[in-house]
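Colleague:
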Amino acid sequence: RDQVQSAGSSTVLPYATIVAEAFGENFDFPTPVVESGGSGAGRKKLCEGVGENTIDIANSSSRIKQSDIDLCAQNGVNEIMEVRFGYDGIVFASDIGGADFAFTPSDWYNAIAANVVKDGALVANTAKTWADVNAALPAQDILAFIPGTKHGTREVFDTKVLEAGCEATGALAKFVEAAGGDEKEGAKKCLDLRTDGVSVDIDGDYTETLSRIDANKNAIGVFGLSFYQNNTDKLKVATMDGIVPSTETIASGDYPVSRPLYFYVKKAHIGVIPGLKEYIEFFVSDDMAGPEGPLAAYGLVSDPELAKTQEMVAAETPMGPLN
Amino acid sequence: MSLGILTLIVIALAGIGYVIGRRLALKKAGGDARRLHSLPGYYGQSVFLFTAVPALVVLGLWILVQPALIESRVSAHLTSADIPEGSSLSLVMSDVRRIAGGLDLIAAQGALSEDALTNMRADLSDIRGRLATVGVAVGDTIRPGVFEAAKTYRDMTAAGATAMSVLTLALALAGMAFALTRITAEFRARNVSETFVRWLLIGASLVAILTTVGIVLSLVFETVHFFRLYPLDKFFFSATWNPKFGGGSDLGILPLIWGTLYVSFIALFVAVPVGIFSAIYLAEYAPKKIRATAKPMLELLAGIPTIVYGLFALITVGPLLRDYFAAPLGLGSSSSSVLTAGLVMGIMLIPFVSSLSDDIINAVPQSLRDGSYGLGATQSETVKQVILPAALPGIVGAILLAASRAIGETMIVVLGAGAAAKMSLNPFEAMTTVTVKIVSQLTGDTEFASPETLVAFALGLTLFVFTLCLNVLALYIVRKYREQYE
Amino acid sequence: MNVMTRMENAVQASEIKISAKDVQVYYGASHAIKDVNIEILDKTVTAFIGPSGCGKSTFLRTLNRMNDTIDICRVEGEILLDGENIYDRKVDPVQLRAKVGMVFQKPNPFPKSIYDNVAYGPRIHGLTRSKAELDEIVESSLRKAALWNEVKDRIQEPGTGLSGGQQQRLCIARAVATSPEVLLMDEPCSALDPIATAQVEELIDELRENFSVVIVTHSMQQAARVSQRTAFFHLGNLVEFGDTTQIFTNPHDPRTESYITGRIG
Amino acid sequence: MNVMTRMENAVQASEIKISAKDVQVYYGASHAIKDVNIEILDKTVTAFIGPSGCGKSTFLRTLNRMNDTIDICRVEGEILLDGENIYDRKVDPVQLRAKVGMVFQKPNPFPKSIYDNVAYGPRIHGLTRSKAELDEIVESSLRKAALWNEVKDRIQEPGTGLSGGQQQRLCIARAVATSPEVLLMDEPCSALDPIATAQVEELIDELRENFSVVIVTHSMQQAARVSQRTAFFHLGNLVEFGDTTQIFTNPHDPRTESYITGRIG
Amino acid sequence: MTLEATNTGSSLYRTDARTKRRNAAEKRFRFYGMATVAFGVLALLLLLGSILGSGLSAFRQTTMDLTVTLDEKVLDKKGARDPADLAKVTTVGYAKLLETALIQEVTEKGLAPAGMKPKDIAGLISKEAPAQLRNKVLAHPDLIGQTITFNVLANGRVDGFFKGRVTMESAALDSNISPEQLTLAQAMRDAGLMSMGFNLGFITAPDASELRPEAAGLGVAVLGSAYMMLIVLVLSLPIGVAASIYLEEFAPKNWITDLIEVNISNLAAVPSIVFGILGLAAFINFAGMPQSSPVVGGLVLTLMTLPRIIIPARAALKSVPPSIKDAALGVGASKMQTVFHHVLPLATPGILTGAIIGLAQALGETAPLLLIGMVAFVRDYPAAPPEGFFDPASAIPVQIYSWTQRADPAFTERASGAIIVLMIFLLVMNSLAVVLRRKFERRW
Ligand SMILES: Nc1ncnc2c1ncn2[C@@H]1O[C@H](COP(=O)(O)OP(=O)(O)OP(=O)(O)O)[C@@H](O)[C@H]1O
Ligand SMILES: Nc1ncnc2c1ncn2[C@@H]1O[C@H](COP(=O)(O)OP(=O)(O)OP(=O)(O)O)[C@@H](O)[C@H]1O
Ligand SMILES: [Mg+2]
Ligand SMILES: [Mg+2]
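Chains as they are written, first to last, in the working numbering: chain A, 7 to 329; chain B, 15 to 500; chain C, 22 to 286; chain D, 22 to 286; chain E, 47 to 490.
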């Protein structure tokens, strides 16, 4: 095998392909092969063992899990490098012809959570329109297309929006109280959503969400920042806590809903698979992942600590145990 | 000698055997083929088979057995010191194999002579770097014991390969000689080669069995793993399907099975009547030209990528059903619904029913039609009462195939029916199917070893057993119904 | 046998049931029936004789438009049934075939039970009002075709499991069950033993009381026994047509004579 | 006709070709052939007669194991061909059928050209070395079956487009082309006109010179004309078996007598 | 019962009430048939229409002619034309050359609207263009120092503008393109600098990343699909037919064959992704075949297609009348000969139909490929077979799948275009089978 092979997250896929393409053009190595198939599957493949017919890099939109590391160790993959190359912003957007929205996590929680606090007590959620949730919002039927539970994006949505909203509306306190003080149990309750069709899980990708918004003009969808940036003529983005999402506001941490993107490299393959080292160095180089690079142009929020990452890649430092 | 070349030589030998066998048979019969038991070609075939088959079978077996044999010999060379902490013999053996392979490559590239390789020592030279230059990855630094084992491994493999070549060729020649001596005018060459073909046919049928075994094996381990993490009864009997990213999910299969059945039912409800009527029209009524164009056209429906159907469901059919049926009837306001997916899937399945049934109907003997027309039956009466019953087994097969396809479809369901797992009778509600969930759970971003991912395997296995039961039932019904027609 | 006397009466009493005018039949390019003019009388048995391949079956099939089912077959000329051209656009072949029934040369039972084979016609024509009536028709038809005794215990078994001769009789029973006005029988007794043949001939004679029967046969004896009029075909031509007695005793055409005396084939 | 004299010679000169011992045939539960013992001589024509449905075809099919193809059919007893039990495990039914050819009751030409229909047997048995030889076999077989003149111009057209009688002769030609040692013919002349029948009978007579022929027929005359030995079946039993002259002139069994005089069917 | 004709004397020209009813039923029946066929064909036309409507434009592409000076100072500082040195200049360097060339040309001709930023002008060029130029220069180092006219791709959104996908209004909202840029593009087109032509690259070029939809092509996918279909065809048709012959004609009818029969029907109902799981486990992990390779894809699709071929093939074999088998057996053909000489040819139409449908499904399948690594971004063409079977490749349905997921709307058009290519692929595959089928079709 003479080309680098990577697999994993479909969120990372576009970035990885941009890098792979540029790498293939400018280096004497063949263009790396980038598979999609999900972060979980990618990490599983990475951990299947060392050797030609296993992949070199796993792209991941969430951090590797202990179970993956265990599997790796079991199969003789002892040293993995963890490379965080940027952040993915998550935005809320609706049809371009529709009303403007300015959300807070509490609005979302009150709109789609199964149980909300009303007059100091937990009641089943019956809000019909956004105006029912927050009088400042338009009186438009609630219909939200949120990522399916297998999406990395959903994790971010859960923690950064729902849990935040849960806490802010005081529901969390009530749940913990009801669970007899068990924080964890209470937090879990925050994630119970209405099942009457106001929030629809999308198992596919953002194009599907976009098509669904096309078919349901009054819906709000959850998108990646890069996707939104490519479709600003069709989508109208909503603010969160009053902040308009952009690479700048996310990099600065003002816009709350974002997540880091990673890739994991099998160290045993460095120096063996031709071009592997060069590829990962190229990936995190300022030319690529820097704020002026093509990845940022496409919508990647570049990592403020990119220099550190570059150093780490150059030194081939394997990752330590998960904390 | 490489495997490919060896195989080619054996086949070439067999080809020569064919020619000689044919000639010999004719000679034995004094040049008169009529005095032979079988056609001359069959004598050639018998020689061909005796030359090729035993040799290739032994070759195959050798390839399977040799590594195991050599490994057990080589692993005897390894001491416990060669196996690092936390590792295992099998891991070290895979290193051994990889190093041996790398040494082969180095030798093949001519970078080092055989002697140099034999004298190479793990503690003296940078073997890992050397191997890396030929593209062989070795996880760790190489211990001397392991390296020595690799060298032994390499020697034994080479010796084995030579022995294998010799044996295979010898067998081929012996087989040819044996087959040639057997040739007499009375030799039942046709029976020999037909028996062989029969075994080939049996072999082909076994592929299906092997596939099943493979599927079950590849699902069962992870399924067991899943049930260690998630209670069995909740999986089978819970009516909630609500996976969560961080764990604590409800993974009840019932709503998925329900969705599968519901969507498939609607799809068949569309495809079966449309398909059968189309088949009847094409086979019985349509002018030749129309049939010649319409049939392949309908078959194109089966070839349109399902994503096109999915988008058609999502963008056109879904909103249409919502705005003109569901909303006015007060049955919901979801643009994705079971009905949408079912309808669109039904369209995709039309050719499964229509084309296959058309062929079967066409194969019903004309004399039966004549018999019916002669009694003053109209064409439709003939079709309904004579032709369809006669063609029934084939049509049922076509419908089963369509049903199978409906159960296995993903894209149309995802886009048309949505992803909500629900148990409801309302066809205007979004639902989802087992297959969709297998795909989505398997390809998501959650960790692989979590129940949320592993549930895909359990779903796959359950669906497998479920459809198996349905098929047994179908076979039973068809048998019972068919008896009166044979 | 009182064939001769019966015949005389019959021919005189009958009206023209079917008349064919200048009929030509082609299979693709080959001309199978040439210029046939014939009149088939009501309440009469007409026999078609002629060497194998001369076009008897072909012509028989034109009489109830069964040749419509053969793609390459083309018919020209006029065939009038009760004065109406059956090849007219307005004519519904289905109605025609209900009137003009047919027994084919090769027995072709449906892959259904014996009962359903016979009940098929009455059912589609709605000839019965109750199951009992249908049972009755089935039984009487099978009796007429001399099959009842052999199959009465296996009436629900498939018709395809019968012997060759039994299948042939089943097809006769099936055709009789719908009581057609004209019955076309293509060698109905070819697979039958003498006794069964006699019974079928009796049936034909019985049918003649009310209907018209056309029978193709290779047996001169049979033709002489059952028919009142005989047509002799040769190489697609209708060579001679007339009263059976005349044909067999005093043929006008030398070819007819050669054939019935066994000289041309 | 010099049938009588020929017959005498024949019967004396012949050896036993096939002998059946205690043969029983069942279709599922129904017992179609009961306790049949019969010896078929070489270079002899044996006729099977009997009312329709009595089991003639069934028994005929046991002689070359064609009943193997009917799932529900089961045979008991022994049938020896040249002293070897054809139901023995070691016997290859294919080889058997090459020796014991068959013409079926219902003509069943392959949906192929007339030429290919006839050439099929010689081809699979490798009977010819060249195309010319094959052409010759095809032609002579078709001539023997009295079909050559009718089809020589359309030899490449499908056999299924022939008339009923032509198909029957085609099947005879097909069976003859492989020169079997025993030829089983199930009503080979049922669809033939007298002349064609005579030609086929001539063929049978010719075949008898070297081979053994078994013929099922409903025509007593034909049985008397062509066969030297006759077997009479009734309801699955072999009622009587003997020299044709004896059976027709002096039957031992009352049932035989009734049948040949036309009283039972 | 007397032999009373029920309808004696009625005229043939006048249909009686019952016949009228039956004829009405007949007409209705026939109408249902026609209606259903029409329904199917209409649905097909509708789908095809929508595919063609949105995909045909993928076969045309906007390009522009640039007069570029290949400055030696930029491209080969040492002037030695040493390939290693030349290769050091990355696409960034070439991009600058192209941008300068465009800006110069546009300002010279006065096409640019006043106040337009150079960066925006440069934005009209595709990001693929520098790579094209670099490849050309590396292949012909002697060009360095010359001024050449180079035909480069225009940016996807400019292309979209000429295809009607992007409008001035949408551009006003679009963060990736501005109305001024479109005005400039229009001006360039009017001046003959930009033109639209047949897009050969769409069929031959490899996939491209999200940033350059205009350069994305199907080359690798077409090769991958062709390789896989070759494997599927060569394996599944013979094995499938052989298995159905055995089961239908030879197998003893007992519980084992029942088991096999049920098992095959059941395999047809196994979702295709499960075959992917099997392929991953059996071919990649167990047998050690390479990831993302057509050979694994082909094998997986073969296993998936087999039951879909066997089921119709068995039905077709079953429908051959027994009298024909009898005839062959009667002249002394062996069972094997009977099957291969008579039964199989007569069953061929049905078998081919099964194959047509089975292969069509295999050709359009994505899910199992997901697990064996063929749903991937692959830019290098696989080698010629047989080695090529083991090289990474993509497949047409995979390409469609991944293009429909991409953010840039230009990929939607590409996806539809790819569907057209897939359908053409299918048509080519089918037409042979359809012709064969018609040849073998006959009634008896
Ligand atoms: N396939 C079958 N399944 C069941 N029963 C059968 C089958 N074939 C024949 N029979 C029965 O076996 C008996 C003998 O049939 P067979 O065909 O041998 O009669 P046959 O003497 O040839 O009559 P024919 O002169 O009418 O051809 C008949 O009662 C028939 O119904
Ligand atoms: N379907 C057909 N296609 C082509 N030619 C045909 C077809 N049917 C019959 N023929 C030819 O037409 C001529 C007349 O055939 P027809 O069946 O009418 O003969 P027939 O008089 O019934 O003979 P038989 O007594 O043998 O049944 C024959 O030469 C025959 O080969
Ligand atoms: Mg005829
Ligand atoms: Mg019989």
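Cβ atoms here follow ideal geometry from the backbone N, Cα and C, with glycine treated the same way.
For the segment 88–119 of chain D, which residues have a CB atom closer than 7 Å to at least one CB atom of chain B, in sequence order?
Modeller: Within the segment 88–119 of chain D, the residues whose Cβ lies closer than 7 Å to some Cβ of chain B are Asp113, listed in chain order.
Colleague: Measuring CA to CA, which of Glu322/A, Ile286/A and Gln316/A is closest to Val25/A?
Modeller: Position 19 of the first sequence holds residue 25/A. For the residues Glu322/A, Ile286/A and Gln316/A, the minimum Cα distance to Val25/A belongs to Ile286/A.
Colleague: Measure the CB-CB distance between Glu174/E and Ala453/E and report whether it falls below 8 Å.
Modeller: Sequence index remark: in the fifth sequence, residue 174/E carries index 128 (1-based). Sequence index remark: in the fifth sequence, residue 453/E carries index 407 (1-based). Going by C-beta atoms, Glu174/E is not nearer than 8 Å to Ala453/E.
Colleague: Just to make sure I have the definition right: I need the residues of chain C whose C-beta is within less than 8 Å of the C-beta of Tyr48/D. Which are they?
Modeller: As a first step, residue 48/D must be located in the fourth sequence, where it is residue number 27. Going along chain C in sequence order, the residues near Tyr48/D (Cβ under 8 Å) are Gly182.
Colleague: Quick one: list the residues of chain C neighbouring Asp384/B, beta-carbon separation under 7 Å, in chain order.
Modeller: Start at 1 with the first residue of the second sequence, and residue 384/B comes out as number 370. Per Cβ cutoff of 7 Å: Met87, Thr90, Phe125 and Asn129.
Colleague: What does Ala422/E reach in chain A if we use C-beta pairs closer than 8 Å?
Modeller: Counting from one through the fifth sequence, the residue named residue 422/E turns up at place 376. Residues of chain A whose Cβ lies closer than 8 Å to the Cβ of Ala422/E are, in chain order, Ala13, Val39, Val40, Glu41 and Ser42.
Colleague: Let's test the definition: count the other Cβ atoms within 10 Å of the Cβ of Thr282/D and tell me whether it reaches 16, buried, or not, exposed.
Modeller: Position 261 of the fourth sequence, counting from 1, holds the residue named residue 282/D. By the 10 Å Cβ count, Thr282/D comes out exposed.
Colleague: Note down, in chain order, every chain A residue with its Cβ under 8 Å from the Cβ of Phe462/B.
Modeller: In the second sequence, the residue the question calls residue 462/B occupies position 448. The contacting residues are Gly46, Ala47, Arg49, Lys50, Ser73, Asp74 and Leu77.
Colleague: With a threshold of 8 Å on Cβ separation, who are the neighbours of Leu417/E within its own chain once the five nearest residues in sequence on each side are excluded?
Modeller: To locate residue 417/E, count along the fifth sequence from 1; it is residue 371. Once the five neighbours on either side are set aside, the close Cβ partners of Leu417/E are Ile319, Gly322, Ile323, Gly325 and Leu326.
Colleague: I want to check one thing, is the minimum distance from the CB of Lys398/B to the heavy atoms of ligand 3 below 7 Å?
Modeller: To locate residue 398/B, count along the second sequence from 1; it is residue 384. Answer for Lys398/B: no, Cβ out of range of ligand 3.
Colleague: Exposed or buried, Leu17/B, counting other C-beta atoms within 10 Å across all chains shown (16 or more means buried)?
Modeller: Here residue 17/B corresponds to residue number 3 of the second sequence, with the count starting at 1. It counts as exposed.
Colleague: Would you mind telling me which residues of chain A sit closer than 7 Å to Gly422/B, beta carbon to beta carbon, in chain order?
Modeller: As a position in the second sequence, residue 422/B is number 408, starting the count at 1. Going along chain A, no residue has its Cβ under 7 Å from Gly422/B, so there is no contact; the nearest lies around 17 Å.
Colleague: Using 7 Å as the cut-off, classify the Cβ of Ser51/D as near or not near the heavy atoms of ligand 1, replying yes or no.
Modeller: The count along the fourth sequence starts at 1 and reaches residue 51/D at position 30. Yes - ligand 1 has a heavy atom lying nearer than 7 Å to the Cβ of Ser51/D.
Colleague: Hey, is the segment 380–398 of chain B in contact with the segment 137–145 of chain C, meaning 3+ C-beta pairs nearer than 8 Å?
Modeller: yes
Colleague: Going by DSSP, what residues sit across from Val44/C in a beta bridge?
Modeller: Here residue 44/C refers to the residue found at position 23 of the third sequence. Its beta-bridge partners are Val57/C.
Colleague: Taking 8 Å as the cut-off, decide whether the C-beta atoms of Val260/D and Ile225/D are in contact.
Modeller: Sequence index remark: in the fourth sequence, residue 260/D carries index 239 (1-based). Sequence index remark: in the fourth sequence, residue 225/D carries index 204 (1-based). For Val260/D and Ile225/D, no; Cβs fall outside 8 Å.
Colleague: Per DSSP, what kind of secondary structure is Asp63/C in: helix, strand or coil?
Modeller: Reading the third sequence from its first residue, position 42 is the one you call residue 63/C. In the three-state reduction of the DSSP assignment, Asp63/C falls in the coil class, being assigned neither a helical nor a strand state.
Colleague: When you compare only the Cα positions, how much space is there between Arg195/D and Val377/E?
Modeller: Within the fourth sequence, numbered from 1, the residue matching residue 195/D stands at position 174. Within the fifth sequence, numbered from 1, the residue matching residue 377/E stands at position 331. Cα-Cα distance, rounded: 8 Å.
Colleague: State the DSSP-derived secondary structure class of Gly100/B, mapped to helix, strand or coil.
Modeller: Within the second sequence, numbered from 1, the residue matching residue 100/B stands at position 86. Confidence in Gly100/B is poor, its pLDDT being 49 and thus under 50, which makes the residue's placement too unreliable to answer from.
Colleague: Where does the unbroken alpha helix (DSSP H) through Glu191/A begin, and where does it stop?
Modeller: By 1-based counting over the first sequence, the position of residue 191/A is 185. Where Glu191/A is concerned, the enclosing alpha helix (DSSP H) stretches over Glu189 to Lys195.
Colleague: Name all residues in chain order for which at least one heavy atom of ligand 4 lies closer than 6 Å to the residue's CB.
Modeller: Ser184/C, Gly185/C, Lys77/D, Ser78/D, Gln126/D and Asp207/D
Colleague: If we define contact as Cβ-Cβ less than 8 Å, is Gly76/D a contact residue for chain E?
Modeller: Working through the fourth sequence from its first residue, we reach residue 76/D at position 55. Judged by the 8 Å Cβ criterion, Gly76/D is not in contact with chain E.
Colleague: Would you identify the three-state DSSP class for Pro310/A, choosing helix, strand or coil?
Modeller: Taking the first residue of the first sequence as 1, we reach residue 310/A at position 304. Here Pro310/A sits in coil by DSSP.
Colleague: Can you name the residues that DSSP bridges to Ile100/D?
Modeller: By 1-based counting over the fourth sequence, the position of residue 100/D is 79. DSSP, once it has assigned bridges, lists Ala41/D as partnering Ile100/D.
Colleague: Short of 6 Å in beta carbon distance, which residues of its chain neighbour Glu154/E, apart from the five on each side in sequence? Order them along the chain.
Modeller: To locate residue 154/E, count along the fifth sequence from 1; it is residue 108. Cβ neighbours of Glu154/E beyond the five flanking positions: none.
Colleague: When DSSP builds the beta bridges, which residues end up paired with Ala461/E?
Modeller: Start at 1 with the first residue of the fifth sequence, and residue 461/E comes out as number 415. Paired residues: none, contrary to the question.
Colleague: Counting only Cβ pairs nearer than 9 Å, list the residues of chain B close to Ile319/E.
Modeller: Position 273 of the fifth sequence, counting from 1, holds the residue named residue 319/E. Here the neighbours are Gly422, Thr424, Thr449, Ile452, Val453, Leu456, Thr457, Ala470 and Gly474.
Colleague: Considering only heavy atoms of ligand 1, does any lie closer than 7 Å to the CB of Ile216/C?
Modeller: Here the question's residue 216/C lines up with position 195 in the third sequence. For ligand 1, not one heavy atom lies less than 7 Å from the Cβ of Ile216/C.
Colleague: What residues in the segment 184–207 of chain C bring their beta carbon closer than 9 Å to a beta carbon of chain F?
Modeller: Reference to chain F is not applicable here, since the protein chains of this structure are A, B, C, D and E.
Colleague: Quick one: list the residues of chain D neighbouring Asp42/E, beta-carbon separation under 7 Å, in chain order.
Modeller: No information on residue 42/E is available, as it lies outside the stretch 47 to 490 that chain E covers here.
Colleague: Within 7 Å: the Cβ of Gly360/B and any heavy atom of ligand 1?
Modeller: Here residue 360/B corresponds to residue number 346 of the second sequence, with the count starting at 1. Not one heavy atom of ligand 1 is found less than 7 Å from the C-beta of Gly360/B.
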